[in-house]
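In our numbering, the protein residues as written are 105 to 470.
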Amino acid sequence: MTSILTNGSATSALDVLRRIGTDLGTQQDRISSGLRVSTASDDVAYWSISTTMKSDAKAMMAANDTIGISSGIVDTAYAAMETVRDSFVEIRNIAIMASQEPAPEFKNVVIGGFVEDEYYAKSSVARLDRQMQQLQDQARAAINSASFAGVNLLHHTKNEDAKASETVHSFVVGYDNGKVRTLDVDAMDLLLINDDFGSEPFPYVLGYNPEQALFDSGETVFAPGSFTPAGVYWFNIPLTNSDGDPEGYDVNPSFVLMKLENNIVRDGGDRQGLYSAFANYIDEHLNALTDRMAYLGTLQNSLEAHDEMNKKLIDSVTKGVGVLVDTDMEEASARLSALQAQQRLAVQSLQMANARPQAVLDLFQR
Numbered sequence: 105m106t107s108i109l110t111n112g113s114a115t116s117a118l119d120v121l122r123r124i125g126t127d128l129g130t131q132q133d134r135i136s137s138g139l140r141v142s143t144a145s146d147d148v149a150y151w152s153i154s155t156t157m158k159s160d161a162k163a164m165m166a167a168n169d170t171i172g173i174s175s176g177i178v179d180t181a182y183a184a185m186e187t188v189r190d191s192f193v194e195i196r197n198i199a200i201m202a203s204q205e206p207a208p209e210f211k212n213v214v215i216g217g218f219v220e221d222e223y224y225a226k227s228s229v230a231r232l233d234r235q236m237q238q239l240q241d242q243a244r245a246a247i248n249s250a251s252f253a254g255v256n257l258l259h260h261t262k263n264e265d266a267k268a269s270e271t272v273h274s275f276v277v278g279y280d281n282g283k284v285r286t287l288d289v290d291a292m293d294l295l296l297i298n299d300d301f302g303s304e305p306f307p308y309v310l311g312y313n314p315e316q317a318l319f320d321s322g323e324t325v326f327a328p329g330s331f332t333p334a335g336v337y338w339f340n341i342p343l344t345n346s347d348g349d350p351e352g353y354d355v356n357p358s359f360v361l362m363k364l365e366n367n368i369v370r371d372g373g374d375r376q377g378l379y380s381a382f383a384n385y386i387d388e389h390l391n392a393l394t395d396r397m398a399y400l401g402t403l404q405n406s407l408e409a410h411d412e413m414n415k416k417l418i419d420s421v422t423k424g425v426g427v428l429v430d431t432d433m434e435e436a437s438a439r440l441s442a443l444q445a446q447q448r449l450a451v452q453s454l455q456m457a458n459a460r461p462q463a464v465l466d467l468f469q470r
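Dropping the structure here:
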């Protein structure tokens, strides 16, 4: 039925035009934003899943950033330990050279503290001893400067809160299922100097001290034919402070060769045998340094592996989010073209529907 009061065809055409306009706006938004699910109202399930995945990806990225810091800490420690090892290789070589030099004379048979003896200072061994001291200073500087982001794996200072034996370095290496994954390293496994050494003198006086690092305090070197060992101090010695707390204090200079030579003069024994024992003692420390460097190398490889794995996980999660919420641009473009064609047809239909009442009026004007 045709009516001049109600144009049903025009109303229907207008409804179609409105729907097409809404769909056009949706497609244009998806194309401009690149997202087909940008809010929860677009698709509750996909939006919820993608939001969680995005949050996890950000946590993974943060964890990966910390791996870069951890790698810097480990790399710095490794470089410093290389310097220390090179220094002690030279120290061992100097000790071998000193064993071939004439035995020095001493003004005082019993030397006290770490002050160079007057007669000894004029000897060829003393010149080698000073070279050795320079190498010790070089190694000490490398240990003290092996700090990255405020962390030094080789030197535990007095002002740190926890004891070295109770300290664990936790390097963040990833994030999984709401939990942070860490790579834990016991501080004592890498320390070369611990300023807290000697803080527990009893019951460890005659045995193992859990606070003693590789170069802490002194070592005893025996000469064949002598019952009194020579004491060797590299960097520190346990002394009691004003509060009665034994701690490690710097020894500089240490005059290692002077201690060895004075031991021969004071207590007798085989000079060559003492130097041979001393060289073996240094070799033991070099082997221990090599083990620590190998451990650091393992940490470097582990951090690198975690870094690569995290990058792959981040890429995987990012791709997964894209599948859920990203706009398929080819499909969206095709839909947009189709909707634009439908819009043109709907406009024509509306024009035709609006023209029908006029045709009825024309009948009455004839």
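Glycine included, each C-beta is placed from N, C-alpha and C at the ideal position.
Status (buried if at least 16 other CB within 10 Å, exposed otherwise) for aspartate 119: Reading the sequence shown from its first residue, position 15 is the one you call residue 119. With fewer than 16 other Cβ atoms within 10 Å, it is exposed.
List the whole-angstrom C-beta distance separating leucine 295 from histidine 389, where the pair is believed to meet the contact cut-off of C-beta under 8 Å. The residue given as residue 295 occupies position 191 in the sequence shown. The residue given as residue 389 occupies position 285 in the sequence shown. 13 Å between Cβ atoms; not a contact.
Just the Cα atoms here: how many angstroms apart are valine 229 and threonine 187? Position 125 of the sequence shown, counted from the start, is the residue given in the question as residue 229. Position 83 of the sequence shown, counted from the start, is the residue given in the question as residue 187. Those two C-alpha atoms are separated by around 24 Å.
Taking C-beta to C-beta, are alanine 161 and valine 421 nearer than 7 Å? Taking the sequence shown and counting its residues from 1, one reaches residue 161 at position 57. Taking the sequence shown and counting its residues from 1, one reaches residue 421 at position 317. In contact: alanine 161 and valine 421 (Cβ atoms closer than 7 Å).
I need the DSSP call for lysine 158, collapsed to helix, strand or coil. As a position in the sequence shown, residue 158 is number 54, starting the count at 1. Lysine 158: helix per DSSP, three-state reduction.
Return the first residue and the last residue of the beta strand (DSSP E) that phenylalanine 275 is part of. The residue labelled residue 275 in the question sits at position 171 within the sequence shown. Note, phenylalanine 275: beta strand (DSSP E), 272-280.
Is there contact here, the stretch 282-300 with the stretch 249-264, by at least three beta-carbon pairs under 8 Å? yes
Buried or exposed: isoleucine 198, going by 16 or more other Cβ atoms within 10 Å of its Cβ? The residue given as residue 198 occupies position 94 in the sequence shown. Burial call: buried.
Leucine 256, buried or exposed, once every other Cβ within 10 Å from all chains shown has been counted against 16: Along the sequence shown, read from residue 1 onward, the residue named residue 256 stands at position 152. It should be noted that the sequence gives asparagine, not leucine, for residue 256. It counts as buried.
On a CA-only basis, which of Phe218, Val213 and Glu209 is nearest tyrosine 224? Give me that one, please. Counting from one through the sequence shown, the residue named residue 224 turns up at place 120. Considering only alpha carbons, the answer is Glu209.
Leaving out the 5 sequence neighbours to the left and right, which residues in its chain are closer than 7 Å to serine 269 when beta-carbon positions are compared? In the sequence shown, the residue the question calls residue 269 occupies position 165. Here the set comprises Met292, Pro314 and Glu315.
Cβ-based neighbour list, arginine 189, same chain, cut-off 6 Å, excluding 5 preceding and 5 following: Looking up residue 189 in the sequence shown gives position 85. Excluding residues within five positions, the ones whose Cβ falls inside 6 Å are Leu393.
Taking glutamate 222 as the reference, which of Lys211, Ala183 and Val427 has the closest Cα? Locating residue 222 in the sequence shown gives position 118, counting from the first residue. Ranking the options by Cα distance to glutamate 222, first place goes to Lys211.
Looking only at its chain, what residues have a beta carbon closer than 6 Å to the beta carbon of tyrosine 182, apart from the 5 residues adjacent to it on each side? The count along the sequence shown starts at 1 and reaches residue 182 at position 78. Hits under 6 Å: Leu400.
Roughly how far, in whole angstroms, is the beta-carbon of leucine 378 from the beta-carbon of isoleucine 368, given that I think they are within contact range, below 8 Å? Along the sequence shown, one-based indexing puts residue 378 at 274. Along the sequence shown, one-based indexing puts residue 368 at 264. 6 Å between Cβ atoms; contact.
Option in Arg122, Val289 and Gly138 with minimal Cα separation from serine 437: Numbered from its first residue, the sequence shown carries residue 437 at position 333. Comparing Cα positions, the closest option is Gly138.
Just to check, is the beta-carbon of aspartate 280 closer than 6 Å to a non-hydrogen atom of the ligand GTP? The ligand GTP is absent from the structure shown, which contains no ligand whatsoever.
Among Pro333, Thr332, Glu323 and Ser251, which residue has its Cα nearest to the Cα of phenylalanine 339? Residue 339 sits at position 235 when you count from the first residue of the sequence shown. Closest option to phenylalanine 339, Cα to Cα, is Glu323.
Within this structure, are the beta carbons of alanine 250 and alanine 184 separated by less than 7 Å? Start at 1 with the first residue of the sequence shown, and residue 250 comes out as number 146. Start at 1 with the first residue of the sequence shown, and residue 184 comes out as number 80. The answer is yes: Cβ separation under 7 Å.
Count the other C-beta atoms from every protein chain shown that fall within 10 angstroms of the C-beta of proline 307, then say buried if there are 16 or more, exposed otherwise. Against the sequence shown, residue 307 aligns to sequence position 203. Note that proline 307 scores a pLDDT of 48, beneath 50, so its modelled location is shaky; the value from the coordinates is reported in the next line. Exposed: under 16 other Cβ atoms inside 10 Å.
In its own chain, which residues sit with a C-beta less than 6 Å from the C-beta of methionine 397, not counting the 5 before and 5 after it? The residue labelled residue 397 in the question sits at position 293 within the sequence shown. Excluding residues within five positions, the ones whose Cβ falls inside 6 Å are Met185.
Residue range of the beta strand (DSSP E) that includes leucine 139: Sequence index remark: in the sequence shown, residue 139 carries index 35 (1-based). Looking at the DSSP string, leucine 139 is not in any beta strand (DSSP E), and its letter there is neither H nor E.
Element boundaries [beta strand (DSSP E), containing glycine 373]: Position 269 of the sequence shown, counting from 1, holds the residue named residue 373. First-last for glycine 373: undefined, no H or E at that position.
Paired residues, beta bridge with isoleucine 200 - DSSP: Working through the sequence shown from its first residue, we reach residue 200 at position 96. Isoleucine 200 pairs with nothing; no bridge assigned.
Assign serine 154 to buried or exposed, taking buried as 16 or more other Cβ atoms, counted over all protein chains shown, within 10 Å of its Cβ. The residue given as residue 154 occupies position 50 in the sequence shown. Under this definition serine 154 is a buried residue.
From Glu408, Ala149 and Ala327, pick the residue whose C-alpha is nearest to that of glycine 176; which is it? Locating residue 176 in the sequence shown gives position 72, where the first residue counts as 1. Selected option, being the one with the closest Cα: Glu408.
Locate the beta strand (DSSP E) running through alanine 243, then write down its first and last residues. Position 139 of the sequence shown, counting from 1, holds the residue named residue 243. It is not in any beta strand (DSSP E) - alanine 243 instead sits in the alpha helix (DSSP H) that spans 228-248.
Buried or exposed, going by whether 16 or more other CB atoms sit within 10 Å of the CB of phenylalanine 331? Within the sequence shown, residue 331 is the residue found at index 227, counting from 1. Looking at its Cβ environment, which holds fewer than 16 other Cβ atoms inside 10 Å, phenylalanine 331 is exposed.
By the three-class DSSP mapping on this structure, what secondary structure does aspartate 127 have? Here residue 127 refers to the residue found at position 23 when the sequence shown is read from its first residue. Note: aspartate 127 maps to helix in three-state DSSP.
Nearest candidate by alpha-carbon position, reference asparagine 281, set Ala442, Asn366, Thr156 and Arg439: The residue you call residue 281 lines up with position 177 of the sequence shown. The shortest C-alpha separation from asparagine 281 is found at Thr156.
Rank Gly329, Ser174 and Asp387 by C-alpha distance to the C-alpha of glycine 278 and give the top, closest one. The residue labelled residue 278 in the question sits at position 174 within the sequence shown. When only C-alpha atoms are compared, the closest one is Ser174.
For alanine 442 versus leucine 121, is the C-beta distance shorter than 7 Å? Taking the first residue of the sequence shown as position 1, residue 442 is located at position 338. Taking the first residue of the sequence shown as position 1, residue 121 is located at position 17. Not in contact: alanine 442 and leucine 121 (Cβ atoms no closer than 7 Å).
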